[in-house]
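Following: one structure in structure tokens, then a few remarks.
Numbering (this note's numbering), first residue to last: 1 to 263.
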């Protein structure tokens, strides 16, 4: 009888110190772009797979919640990037065994990845005593190569200067032109607008009038040009429209290779 009692005691002791039961998770991450202009939005595509036999639940609204999703962003080894927003990138998720979920979020809204340099980004889930991390993704933030720059005061605000810079950066084996808008000597950003592929045969035409109308015309292939229009006022810079033109300035009839519309 004493032997049976000892066995029961050992079983109860083992159960009391056994680790918490959580699903076995697999996390993967993709960033777009992986070579970004300073202040450009960096989008994260996250995939989470439940490879275990347990249901996985994440609910940041529950005070007792022990699972949380976050990103790990490093500049150098063990030098972590400042977090801008303490709100959880993923608030709620329920994964059945064998189920896969994907979601998209803006890494640059939660972490300060606006400065030039190299970052290493991972998606991670803490669940009790376990941490599940994704593959590391290298993010290079660059200034871009400037083709033209114009500084104008904001209509109605002669004491506020705004800088408009045309820069290009490599993206998917192409040179992509961007309109970058700043104030306060580059410290405050008012938009990074992709204008489409550029070939540097003809210099872009760049004009900002007194009413804040911004027009950029650049060559995108041998016989096609892209005209992009924006409106600049005290509240910011806003995309108006974009058109494809031939060498005579007429609408381009056969669009072979469309450029990326501004976001």
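Where a beta carbon is used, it is the ideal one built from N, C-alpha and C, also for glycine.
Environment of residue i [buried if 16+ CB atoms lie within 10 Å]
i	result
residue 125	buried
residue 211	exposed
residue 11	Residue confidence for residue 11 is low, a pLDDT of 40 falling below 50, so the modelled location carries little weight and cannot support an answer.
residue 168	buried
residue 9	Low local confidence applies: a pLDDT of 49 at residue 9 is under 50, so the model's placement there is unreliable, with the coordinate-based value given in what follows. Exposed, because fewer than 16 other Cβ atoms sit within 10 Å of the Cβ of residue 9.
residue 84	exposed
residue 243	exposed
residue 138	exposed
residue 182	buried
residue 226	buried
residue 144	buried
residue 205	exposed
residue 240	exposed
Endpoints, the alpha helix (DSSP H) within which residue i is located
i	result
residue 110	107-110
Opening and closing residue of the beta strand (DSSP E) in which residue i lies
i	result
residue 202	Where residue 202 is concerned, there is no enclosing beta strand (DSSP E), given that its DSSP letter is neither H nor E.
residue 168	157-171
residue 128	Where residue 128 is concerned, there is no enclosing beta strand (DSSP E), given that its DSSP letter is neither H nor E.
residue 250	Here residue 250 belongs to no beta strand (DSSP E), and DSSP marks it neither H nor E.
residue 213	213-221
residue 193	188-197
residue 41	Premise fails: residue 41 is in no beta strand (DSSP E) and is neither H nor E.
residue 153	145-154
residue 140	137-142
residue 228	224-233
Given residue i as reference, the closest of the options once Cα atoms are compared
i	options	result
residue 222	49, 76, 88 and 197	197
residue 180	86, 49 and 238	238
residue 294	216, 153 and 202	Lying outside 1 to 263, the shown extent of the chain, residue 294 is not represented and no answer is given.
residue 174	159, 182, 160 and 194	194
residue 44	50, 27 and 164	27
residue 149	114, 66 and 186	186
residue 248	38, 224 and 80	224
residue 70	40, 160, 87 and 199	87
residue 132	51, 235 and 113	51
residue 114	205, 38 and 78	38
Cβ separation of residue i and residue j, assumed to be a contact under 8 Å, to the nearest whole Å
i	j	result
residue 190	residue 162	7 Å
residue 121	residue 46	Not a contact, Cβ separation roughly 11 Å.
residue 216	residue 166	7 Å
residue 141	residue 253	About 39 Å; that fails the 8 Å criterion.
residue 25	residue 48	6 Å
residue 201	residue 164	The Cβ separation is near 22 Å, so there is no contact.
CB contact below 8 Å: residue i versus chain D
i	result
residue 240	No chain D appears in the structure shown, which is made up of a single protein chain.
Completely contained alpha helix (DSSP H) runs for the segment 64-115, where each covers 4 or more residues: 107-110
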